[in-house]
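Asker: In the working numbering, the protein residues as written are 1 to 411.
Take this structure first; my questions come after.
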Amino acid sequence: MDQQPLPLAQYTVLDLTIARAGPTAVRLLSDWGANVIRIESPLSGDIAGKRLGSDSQNLHRNKRSLCLNLKADAGRQVFLDLAKQADVVVENFRVDVKHRLGVDYEAVKKINPAIIYASISGFGQQGPYSGRPAVDQVIQGSSGLMSITGEPGRGPMRAGIAVSDTSAGMFLGQGILLALLHREHTGEGQWVHTSLLESMLCKLDFQAARYTMTGEVPSQEGNNHPTLSPMGVFDSADGHVNLAASTDKMFRVFCEIMQADELAANPDYESVEGRLAHREALWHQVNLLTRRHPTRDLVKLLNSVGIPCGPINTIEQAFEDEQVKFLAVTKQACHRELGNIDLIRSPINLSRYGHGLKFDRAGPDLGEHSVEILRQLDYSDGRIESLLRSGTVIAGTGAAEAESIEGERKE
C-alpha cells in the first residue's frame, strides 16, 4: 500500500515561508508527497527557532533546502527559473515585500501562467491594516477569540496553541488543493490567499454566528459551554473530568446512573433552556455527584450509557493513552545529527494509502540541497560555482545558521 506514489507526488512546491502559518500549509503538501523546495535566506534565521529544535523539525520535515539570496539579481533569476517548472509557490512575506523582491504573483505568472501562487498575511492582502505585522497572539486578540477565552472577570486569555497560525495554514492548504483541482480541469493557474484574521473569524464558528445573526456578543464562560448545560469541567475524586449531559435525554440518563432522583425531579432542569438559565446552581449539584468517583470510574460509567465523558490529560498522558497509541499518530524521521526523531504524522487517513513507518526526511540543514537543486535545473558546474562564490547561493555546511528574526517576513 505504501509503495505507490503519494497523491501529491506529481507537484513541485517552492516554499518561501517562515514561522508557522505558511509552513503549516506547506507541510500538508509535503506530507502527501509533494516535492517541496524550501527557499531560505542566507541573511536571517527563522522565528520558528533553532534548526535542530522540535518546532523547526516538526514544521519542515519532508523538504529540501536551497539557501538563496532573493535580493540579488542572480538569486531572483534562480527563483524564476525554478518557478517556470513549479506547480505551486507559497509565501508569507509582509504584503509589500514580494513586490519589492519581484517574486509576486504577477511576476511569476508572466513566466508560468499555470502557477498556483499561495499567500498568507496577517490581516489580508489589501485594506487599512494590510501592511501591519502580525503574529498568532495579536490575531487571537484582534479576532475576538481572547474575549471569549478564560474565566469571567479574569481578563483576556490566549489559547494554549498557535490556533491563528495553524488555522490559516490549514485553510491555505485547502485553497491550494482547490486551485490545483481547478487547474486539472481548466489549465488555469491563480492566486490563492488567506490571512490569520480571516481564518480566525471563520474559526469562531457558532460564536461568530451568534453576533452576525442576532447581534449577541459572546463573553467568557470559562470551562462551561456557552449555550448548553451541564457541559464542562467537573471535579472527580482524584482530579477533573469533562462531561456533556446537556440534552434532555442525556440529562435524564445522567441522573439515573448517578442515582440523583431529586436532581431529575427539579423543574428548573426540565429543559435545555431551564438548565442554561440555572447553570451555576446545576454545576454545583452535578459537581457534588462527580467528586465522589475517581476519574477512571466516571469515564467508564458515563461512556457506558452514552454520555460523553473524558479525562483532562497532560500532554504526556495524552500520548501515553491506549487509543493514541493504537492510532499510531507519530512517525520517525532520521536526522544525521539527531538520529531518529518522533514527529506527529498527518491526521488525514486515506484508505488507499498508508502512513508509512518513517518520513522521507527530517527537516533539512540550511542549504543542504542547494547544489543538487541547481543541477536539476541543468545549471553548469561553472554557473553553480559562480553563484556559490558570490554568496548568492550557500550550500551545505557552509551555510551558517542565523538566529536573528527577519523583520520583513511575518508569521
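Even glycine gets a Cβ: it sits at the ideal position worked out from N, Cα and C.
All values derive from a computational prediction rather than experimental measurement.
Going by the beta-carbon positions, is the gap between residue 189 and residue 83 smaller than 8 Å?
Answerer: no
Asker: With a threshold of 8 Å, are at least 3 pairs of Cβ atoms found where one atom belongs to the segment 160-169 and the other to the segment 185-202?
Answerer: The segment 160-169 makes contact with the segment 185-202: 3 or more CB pairs, one atom from each, lie closer than 8 Å.
Asker: Should residue 214 go down as buried or exposed, given a rule of 16 or more other Cβ atoms within 10 Å for buried?
Answerer: exposed
Asker: Select from 57, 177, 68 the residue whose C-alpha is nearest the C-alpha of residue 10.
Answerer: 177
Asker: Measuring alpha carbon to alpha carbon, tell me which residue in 31, 25, 159, 124 is nearest residue 356.
Answerer: The shortest CA-to-CA distance from residue 356 to any of 31, 25, 159, 124 is the one to 31.
Asker: Would you check if there are 3 or more beta carbon pairs closer than 8 Å linking the segment 221-241 to the segment 283-297?
Answerer: yes
Asker: From residue 62 to residue 372, what distance separates their C-alpha atoms?
Answerer: 16 Å
Asker: Relative to the C-alpha of residue 88, which residue among 34, 384, 170, 117 is closest?
Answerer: 117
Asker: Thinking C-alpha only, which one of 138, 182, 67 is nearest residue 123?
Answerer: 138
Asker: Classify residue 334 as buried or exposed, calling it buried when 16 or more other Cβ atoms lie within 10 Å of its own Cβ.
Answerer: exposed
Asker: Would you kindly work out how many angstroms separate the C-alpha atoms of residue 142 and residue 173, rounded to a whole number?
Answerer: 23 Å
Asker: Classify residue 153 as buried or exposed, calling it buried when 16 or more other Cβ atoms lie within 10 Å of its own Cβ.
Answerer: Around the CB of residue 153, fewer than 16 other CB atoms lie within 10 Å, so the residue is classed as exposed.
Asker: So what's residue 23 in DSSP terms, helix, strand or just coil?
Answerer: Correct three-state label for residue 23: helix.
Asker: Helix, strand or coil, according to DSSP, for residue 254 in the structure here?
Answerer: helix
Asker: What residue from 67, 226, 266 has the CA that sits closest to residue 369's CA?
Answerer: 67
Asker: Quick one: complete alpha helix (DSSP H) runs, 4+ long, within the segment 70-145?
Answerer: 73-85, 97-101, 105-111, 136-142
Asker: Going straight from the alpha carbon of residue 318 to that of residue 232, what length do you get?
Answerer: Taking the straight line joining both Cα atoms gives about 19 Å.
Asker: Please classify residue 279 as buried or exposed, where buried requires at least 16 other C-beta atoms within 10 Å of its C-beta.
Answerer: buried
Asker: With DSSP collapsed to three states, give me the class of residue 412.
Answerer: Beyond the ends of the chain as shown, which are 1 and 411, falls residue 412; an answer cannot be given.
Asker: Exposed or buried, which one is residue 5 when buried takes at least 16 other CB atoms within 10 Å?
Answerer: It counts as exposed.
Asker: Between residue 409 and the rest of its own chain, which residues show a CB-CB distance below 6 Å, the 5 nearest in sequence each way excluded?
Answerer: Unreliable placement is indicated for residue 409, whose pLDDT of 39 sits below 50; the coordinate value is still reported in the next sentence. 18, 93, listed in sequence order.
Asker: Please check the pair residue 345 and residue 329, which I expect to be a contact at CB under 8 Å, by giving their CB distance rounded to whole angstroms.
Answerer: 6 Å
Asker: When the Cα of residue 39 is compared with those of 384, 316, 366, which residue comes out closest?
Answerer: 366
Asker: When you compare only the Cα positions, how much space is there between residue 75 and residue 13?
Answerer: 18 Å
Asker: Output needed for residue 364: all residues of its chain with C-beta closer than 8 Å, excluding positions within five of it in sequence on either side, in chain order.
Answerer: 38, 60, 63, 64, 65
Asker: Would residue 392 be called buried (16 or more neighbouring beta carbons within 10 Å of its own) or exposed?
Answerer: buried
Asker: Would you give the residue range spanned by the beta strand (DSSP E) that residue 54 belongs to?
Answerer: For residue 54, no beta strand (DSSP E) run applies; the uninterrupted alpha helix (DSSP H) run containing it begins and ends at 54-60, by DSSP.
Asker: Applying the 10 Å Cβ sphere with the 16-neighbour rule, what's the burial state of residue 400?
Answerer: Low confidence applies here, because residue 400 scores a pLDDT of 41, under 50, leaving its location unreliable; read the following figure in that light. Residue 400 comes out exposed.
Asker: So what does DSSP say about residue 345, is it helix, strand or coil?
Answerer: If DSSP states are grouped into helix, strand and coil, residue 345 belongs with coil.
Asker: Are there 16 or more other CB atoms within 10 angstroms of the CB of residue 305, so buried, or fewer, so exposed?
Answerer: exposed
Asker: Need the endpoints of the alpha helix (DSSP H) that residue 148 sits in, please.
Answerer: Segment: none, residue 148 is in no alpha helix (DSSP H) and carries neither H nor E.
Asker: Please name the residue in 125, 77, 255 whose C-alpha comes closest to that of residue 97.
Answerer: It is 125 whose Cα lies nearest to the Cα of residue 97.
Asker: Tell me the start and end of each unbroken beta strand (DSSP E) in the segment 277-341 that is at least 3 residues and wholly inside, in chain order.
Answerer: 309-311, 330-335
Asker: Within 10 angstroms of the Cβ of residue 327, are there 16 or more other Cβ atoms? Answer buried if so, exposed if not.
Answerer: So residue 327 ends up on the exposed side.
Asker: Rounded to whole angstroms, what is the Cα-Cα separation between residue 71 and residue 54?
Answerer: 30 Å
Asker: Within the segment 187-246, note down every full beta strand (DSSP E) run reaching 3 residues or more, in order along the chain.
Answerer: If we require 3 residues or more, the beta strand (DSSP E) runs fully inside the segment 187-246 come out as 190-195, 231-236, 239-244.
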